[in-house]
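Before any comments, here is the structure.
2 protein chains.
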Amino acid sequence: MINSSKSVSLTSKTVQTGFSMNKNITLQDIAKALNISASTVSRALTDSYQIGAKTKKLVLDYAKQHHYVPNRMARGLKEGKSRSIGVLVCSIDNNFMAQMLDGIDQHCSERGYQIIIMQSKELYEQEKANVDLLYASGIDGLLISPSYQTVDFSHLTHLQELGVPVVLFDRLSKHIDTHKVAVDNFKGAYDATMHLINNGYKKIAHINWDTELSVATKRFEGYKQALEDSGIKLNNDWIKFIDTTNAETLTLQLDTALQELMDFRPSPKAIFTATDLISTKCLALLHKRGYSVPKDIALIGFSNTDLADVLNPSLSTVHQPSFEIGSLAAQQLLSLINGKDTNSFQTILLPTELQIRASSQPKN
Amino acid sequence: MINSSKSVSLTSKTVQTGFSMNKNITLQDIAKALNISASTVSRALTDSYQIGAKTKKLVLDYAKQHHYVPNRMARGLKEGKSRSIGVLVCSIDNNFMAQMLDGIDQHCSERGYQIIIMQSKELYEQEKANVDLLYASGIDGLLISPSYQTVDFSHLTHLQELGVPVVLFDRLSKHIDTHKVAVDNFKGAYDATMHLINNGYKKIAHINWDTELSVATKRFEGYKQALEDSGIKLNNDWIKFIDTTNAETLTLQLDTALQELMDFRPSPKAIFTATDLISTKCLALLHKRGYSVPKDIALIGFSNTDLADVLNPSLSTVHQPSFEIGSLAAQQLLSLINGKDTNSFQTILLPTELQIRASSQPKN
DNA sequence: AATTATTACTAAAACAATTTAGTTTACTCA
DNA sequence: TGAGTAAACTAAATTGTTTTAGTAATAATT
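In order, the protein sequence lines correspond to chains Z and D.
Mapping the first sequence onto UniProt numbering, position 135 (from 1) lands on 135, and the numbers just tick up by one.
Mapping the second sequence onto UniProt numbering, position 332 (from 1) lands on 332, and the numbers just tick up by one.
Okay, here's the thing in structure tokens:
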């Protein structure tokens, strides 16, 4: 089905680089040039009351003219702050994560903070190593969405003890006490399941991620609660937990799970899927197996893909305010860094949005 | 069609943080504790020949025991290097970009370099401001995919003059002389167009991005060349350039363009779309307008979405090796930073991969 | 025994900024 | 006139690391 056409074009030209190795202009350079002391220059640039108006103007003009830009290392060394924050996530290559990172970046860069992004690739050891690296690089704070392997949070509490505030986002844990930002996964799952029930479905399967992370467990609970509130008995044969670590495992396990579900009697008439990857992959596999959605089986799932509308059929989703999660988490962290609210930690759960499309329509 | 259910749950607990404000242990701390000089400690840690074996062991043990980690600011200040590189892109929230960033990150973090990602949001002024910020933060090098507004590259050549190497990726320009990494857009477009022709299509429209960037122009050229090589005359009424800066403008302009194409007589029987967003959005809009793909009109386009298989119909794409673009660009930059190849610049064009699915199948 | 090498260390400078603790100078007021 | 004070500046210390230049002490060579 896939026709691969390969070719390499390598063009190269040989040119003199001619780097002139212009060193940055420093405070002392300005001081020397204007025959004043470096401290005066420093104060002039920070608009200190101790400096006269003419001197200030002189310095400012010279600085602007010579494109002076303070050395971040020197300043960081002196102040013990770097004006940078670490962002540690499982993977950057993921639509939902990219949206959250966008929110983080926007909030931080507007406030003069730089972000250093690192990936744990869902590995606990990698996560620990990255925390060490980030600490060494002098971050003022850490935003983290822990790996799914992470059960021991001592690397993070230790960071807190070292004076580096930590904020959890997307994936929360009760094993660390700090600000936390995510969506209300329980309610999102409850709403999705309820929507299926309201559309006349009673035999509802559930496919979730095989992890202890609250993201997954809360969604499972929301599903169960919706069934219970509607007087529908839970059927454990309709509930599947699968390993989503890598794409192949996911596909294989999901395919098996779907087969088991469809072959089981009585078979479910709808599925609520708990993660982005499971939801879209599920649609693909059902399609491949020749099932018609929602005629043979209805589908709704957590997903933030922009392409939900274009899928076949268009996919009903529980949509998360990803950008807002990121920017709120960043806001919480910066307020910790700047010494506010340090004696009371919040857990903020944002509402999800039910986006109803074709895949969950009633059978009629 | 979209039923929005909103709710906010805010739970909060009040807890003592008890940050103990443990300062990092420094070289001097170790020196004082062991009654030796700081320089000895420094040398012991870097395994210098000038230090005796017992002293080395003493220092190393003490350092490990007390979790010594060198202060990156101090080291950076002294060495004039930060072991961090700047990555300046138009937007992080984009599947293709996230994949490239993944490649960059992997290559860099394996070699002890941190990446600082900033977004220009397609704004030239923002790009310039970010370059200044990155320079101020002491980056050792810059990876950049310029904004579509960027025609003046003096902010980048200036950076080179200051001794900071620059590498272009994905979006190239002839206005700066340096290493460049992207795909062979001409060949990718040529192959896609040729594929349509081989499938019996002769009336082939083209929708491209309204920019001077080589990404767009090369793809246009590839399209034209394929037509020419097949003896098909170019029809300018079938060629549309649209503004993709924001989602709404894109949708609006694309919708108009499609209407014009389909209403024109003779009407095209296939479309080759030049960017990810245009390709997927095009499919969505054709679907919405009730056209059947490929029956009414065939479609193939540049796109790196993982969901191409699940789309309705599955979308034939020109796929780019995004991860490889990123990691190769990073490799080129690090080699510049480490003083290799500074007098000969390369442009590396990776091959694209034609992924043929349902949307470009022959009519019968 | 005197000279040279080698080993194993140290003091102090350098990096670029901020900050502490003053020092001038000019001016006010009794 | 002389004390007091505000304004406008500066020298030097500080931050943590690396590096230069140099010092002892021991070992090897003549």
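Ideal Cβ positions, reconstructed from N, Cα and C, are used throughout, including at glycine.
Inter-residue Cα distance where the pair is residue i and residue j
i, j, result
"V166(D)", "S137(Z)", "23 Å"
"E324(Z)", "D276(Z)", "18 Å"
"S335(Z)", "V318(Z)", "30 Å"
"Y190(D)", "E125(D)", "34 Å"
"residue 365(D)", "P321(D)", "Because residue 365(D) is not part of the residues shown, which for chain D are 1 to 364, the question remains open."
"N236(D)", "R111(Z)", "48 Å"
"Y135(D)", "S82(D)", "11 Å"
"N24(Z)", "I144(D)", "21 Å"
"I197(Z)", "E353(Z)", "17 Å"
"W238(Z)", "V293(Z)", "18 Å"
"L254(D)", "A358(Z)", "24 Å"
"L133(D)", "L261(Z)", "55 Å"
"K57(D)", "G80(Z)", "29 Å"
"K203(D)", "S173(Z)", "58 Å"
"M73(Z)", "P70(D)", "14 Å"
"Q65(D)", "Q149(Z)", "26 Å"
"S344(D)", "E127(D)", "26 Å"
"I356(D)", "T26(Z)", "57 Å"
Strand pairing of residue i, partner residues [DSSP]
i, result
"N95(D)", "Paired residues: none, contrary to the question."
"residue 377(Z)", "The requested residue 377(Z) is not part of the displayed model; chain Z covers only 1 to 364."
"H206(D)", "I239(D), F272(D)"
"E228(Z)", "Partner(s): none; E228(Z) has no beta bridge."
"G188(Z)", "BP columns for G188(Z) are empty, so no partner."
"F153(D)", "None, per the DSSP bridge assignment."
"Q114(Z)", "S84(Z)"
"E353(Z)", "H319(Z)"
Cutoff 7 Å; reference residue i; Cβ partners in own chain excluding five residues on either side
i, result
"R163(D)", "At residue 163(D) the sequence reads Gly, which differs from the Arg that was named. Cβ within range, chain order: n/a, list empty."
"Y62(Z)", "I30, A33, L34"
"I139(Z)", "S82, S84, I85, G86, I116, V164"
"Q106(Z)", "S327"
"D102(D)", "F323, G326"
"A216(Z)", "N208, W209, A274"
Close-in-space but distant-in-sequence residues of the same chain around residue i (CB under 8 Å, 5 per side omitted)
i, result
"L234(Z)", "K224, L227, E228"
"A31(Z)", "S37, A38, T40, V41"
"C108(Z)", "I85, Q114, I115, A330, L334"
"N312(Z)", "L283, H287"
"N95(Z)", "D276, N304, T305, D306"
"H67(Z)", "I25"
"Q332(D)", "V167, H179, V181, Q346, I348"
Cβ-based neighbour list, residue i, same chain, cut-off 6 Å, excluding 5 preceding and 5 following
i, result
"P362(Z)", "N199, G200"
"T240(D)", "A small correction: the amino acid at residue 240(D) is Lys; Thr does not occupy that position in the sequence shown. Around K240(D): I207, A257."
"F186(D)", "K218, E221, G222"
"A129(D)", "none"
"I278(Z)", "I207"
"Q346(D)", "H179"
Buried versus exposed, by CB contacts within 10 Å (16 or more), residue i
i, result
"D248(D)", "Reading off the sequence, residue 248(D) comes out as Glu, not Asp. The residue in question, E248(D), is exposed, as its Cβ has fewer than 16 Cβ neighbours within 10 Å."
"V151(Z)", "exposed"
"S147(D)", "buried"
"N338(D)", "exposed"
"A53(D)", "exposed"
"F264(Z)", "exposed"
"Y49(D)", "exposed"
"G290(D)", "exposed"
"Q119(Z)", "buried"
"Q28(D)", "exposed"
"N304(Z)", "buried"
"G141(Z)", "buried"
"S154(D)", "exposed"
"L10(D)", "Reliability fails at L10(D), whose pLDDT of 37 lies under 50, so the model's placement of it is uncertain and the value that follows must be treated cautiously. L10(D) comes out exposed."
"D210(D)", "exposed"
"P268(Z)", "buried"
**Study point:** Contacting positions in the UniProt domain "HTH lacI-type" (25–79) of chain D - beta carbon closer than 8 Å to chain Z
**Key:** Flagged, chain order: V69, P70, N71, R72, M73, A74, G76, L77.
Check your understanding: When you check each C-beta in the segment 127–159 of chain D against every C-beta of chain Z, which residues fall closer than 7 Å?
Key -> Cβ contacts with chain Z come from D132, Y135, A136, S137, G138.
Check your understanding: For the segment 235–246 of chain Z, which residues have a beta carbon sitting closer than 8 Å to at least one beta carbon of chain D?
Key -> The segment 235–246 of chain Z vs chain D, Cβ under 8 Å: nothing.
Check your understanding: Of the residues that make up the segment 282–312 of chain D, which ones have a beta carbon closer than 9 Å to any beta carbon in chain Z?
Key -> Result list: L283, A284, H287, K288, T305, D306, L307, D309, V310, L311, N312.
Review point. For the segment 79–98 of chain D, which residues have a CB atom closer than 8 Å to at least one CB atom of chain Z, in sequence order?
Key: If the cut-off is 8 Å between Cβ atoms, the segment 79–98 of chain D has S82, S84, S91, I92, D93, N94, N95, M97, A98 near chain Z.
Check your understanding: Listed in chain order, which residues of the segment 108–119 of chain Z have Cβ atoms closer than 9 Å to some Cβ of chain D?
Key -> Here the close residues are S109, G112, Q114, I115, I116, I117, M118, Q119.
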